[in-house]
Amino acid sequence: MTFIGLVWHNLAARKLRAALTASAVAIGVMAVVAMGTLTSSLKQSATGYLKTGNADFSLAQKHTDSLLNSLLSTDDIAKVGQQPGVAEAIGALIELGHYDSANPSVVQVGLDPDAQKSFGVILLKGRTYGATSTDEVMLGYTLAESIHKGVGDSLTMDGHKYRVTGLYRTNVAYGNSTMMFPLPVLQGRYQAAGQITLGFVKLAPGANKAKVKSDLEAKFPQLAVVASESDYGLVDNTLVLISAANTGAGILAGVIAMTGVLNTSLLSFFERMREFGVLRAIGWARRRIVALVLGEALVVSLIGAVVGVALGWGAVNVLQNLAALKGVFHPQYTAAIFWRSLGFAVGVAFIGALYPALRAALLSPAEAMRRE
Numbered sequence: 001m002t003f004i005g006l007v008w009h010n011l012a013a014r015k016l017r018a019a020l021t022a023s024a025v026a027i028g029v030m031a032v033v034a035m036g037t038l039t040s041s042l043k044q045s046a047t048g049y050l051k052t053g054n055a056d057f058s059l060a061q062k063h064t065d066s067l068l069n070s071l072l073s074t075d076d077i078a079k080v081g082q083q084p085g086v087a088e089a090i091g092a093l094i095e096l097g098h099y100d101s102a103n104p105s106v107v108q109v110g111l112d113p114d115a116q117k118s119f120g121v122i123l124l125k126g127r128t129y130g131a132t133s134t135d136e137v138m139l140g141y142t143l144a145e146s147i148h149k150g151v152g153d154s155l156t157m158d159g160h161k162y163r164v165t166g167l168y169r170t171n172v173a174y175g176n177s178t179m180m181f182p183l184p185v186l187q188g189r190y191q192a193a194g195q196i197t198l199g200f201v202k203l204a205p206g207a208n209k210a211k212v213k214s215d216l217e218a219k220f221p222q223l224a225v226v227a228s229e230s231d232y233g234l235v236d237n238t239l240v241l242i243s244a245a246n247t248g249a250g251i252l253a254g255v256i257a258m259t260g261v262l263n264t265s266l267l268s269f270f271e272r273m274r275e276f277g278v279l280r281a282i283g284w285a286r287r288r289i290v291a292l293v294l295g296e297a298l299v300v301s302l303i304g305a306v307v308g309v310a311l312g313w314g315a316v317n318v319l320q321n322l323a324a325l326k327g328v329f330h331p332q333y334t335a336a337i338f339w340r341s342l343g344f345a346v347g348v349a350f351i352g353a354l355y356p357a358l359r360a361a362l363l364s365p366a367e368a369m370r371r372e
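Following full-length UniProt numbering, the residues of the sequence shown are numbered contiguously, the last one being 372.
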């Protein structure tokens, strides 16, 4: 019998124990996949607000608990637009609104129509709303499909009736699930006259990006000038909390899975002492016994990883369809998450089975016979 065949034979002889171990690993991997996808996707959605259009910088209020709670003055944005090296500065008001029970958190964007191009809006069908029209709205094409609305249809938001004038897409995923109003209209609905949530800055050709950023930070200390994802912590600590929760869940899942592998491997060791003694007696090297025990744990963990990835995918789909996360959570399945899951399974197998493997390798044939 080959070495791999022996591994499979041993696992087949203890199906229930192998299944319980694989289940522990599967639960851990499911947590890694689900939390990793949730964290990555929410991060991309959140940072997507700051990557809108072709802006070189985004502007927000410093140290807010949430990006959507940022509050800027339209006067500040106008002044930023007049600074040396700045070609254009636009502002957008972003608010969450309730559409219906299936879409309770729809992102609403207030934006002047002449700023749509800079905001990255690409008109797909229909026309842009009027700058001061109080009864017109545009829909991102993903949202339009979700709520079954098209050009010419009517919809109601917060008790106000609007007619859809056009459908659009943007360069970031979240933007396709938004609805857009003239800036004054959204400001009026939320009593936010003269206020916006975010600003977007486009530099003049040849401008020194680092110098302009430094100058803006010096002249407007109340503003956070965001040039990359590393600056995101200046305006929102939500992702820090989400990342911490992801790390904590991963550690907890790892402890649970490793405990399962360790317990199973130890029980297997005590049950198979005579077998290990015989293997040593017929000339098996200690390293080969270590490889046998670790190999069994690795195979079980990899099976658990496959099941866990499937369960994690299912959990993400459940989260995606939760009413509270519709329009906010757009799953992004990255290769890194699945490589992390594989690493998790291999790590759990190695760490959980290492001690029992060493005990089996150090067991002498005589001692094995005495303890049997």
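Ideal placement from N, C-alpha and C gives every residue a C-beta, glycine not left out.
For residue i, the first and last residue of its enclosing beta strand (DSSP E)
i	result
residue 160	160-169
residue 3	From DSSP, residue 3 is part of no beta strand (DSSP E) but of the alpha helix (DSSP H) over 3-13.
residue 61	57-61
residue 224	223-226
residue 197	Element bounds for residue 197: n/a, residue is neither H nor E.
First and last residue of the uninterrupted alpha helix (DSSP H) at residue i
i	result
residue 293	286-320
residue 91	Careful: residue 91 lies outside any alpha helix (DSSP H), inside the beta strand (DSSP E) at 86-97.
residue 214	209-219
residue 281	273-281
residue 348	335-362
residue 188	183-189
Cβ neighbour criterion (16 or more within 10 Å) applied to residue i
i	result
residue 214	exposed
residue 177	buried
residue 221	exposed
residue 205	exposed
residue 82	exposed
residue 334	exposed
residue 282	exposed
residue 5	exposed
residue 225	buried
residue 175	buried
residue 280	buried
residue 290	buried
residue 3	exposed
residue 228	exposed
residue 363	buried
residue 216	buried
residue 366	exposed
residue 357	buried
Neighbourhood of residue i by C-beta, 7 angstroms cutoff - its chain only, sequence neighbours within 5 removed
i	result
residue 351	258
residue 201	55, 56, 57, 59, 80, 86, 89
residue 212	85, 86, 203
residue 136	129, 130, 162, 163, 165
residue 36	246, 337, 340
residue 359	269
residue 342	305
Own chain, CB closer than 6 angstroms to residue i, minus 5 neighbours either side, in chain order
i	result
residue 31	249, 253
residue 332	40, 41, 44
Cβ neighbours of residue i in the same chain (closer than 8 angstroms, five flanking residues each side left out)
i	result
residue 348	25, 28, 254, 257, 258, 261, 301
residue 11	18, 296, 299, 300
residue 194	73, 74, 75, 187
Below-8 angstroms beta-carbon distance, residue i vs any chain D residue
i	result
residue 224	Any reference to chain D falls outside this structure, which holds one protein chain only.
For the region 66-148, list the alpha helix (DSSP H) runs that are entirely contained and at least 4 residues long, ordered along the chain.
74-80, 141-147
With three or more beta-carbon pairs closer than 8 angstroms as the criterion, would you say the region 91-100 touches the region 120-127?
no
For the pair the region 153-168 and the region 179-191, tell me if three or more CB-CB distances fall below 8 angstroms.
yes
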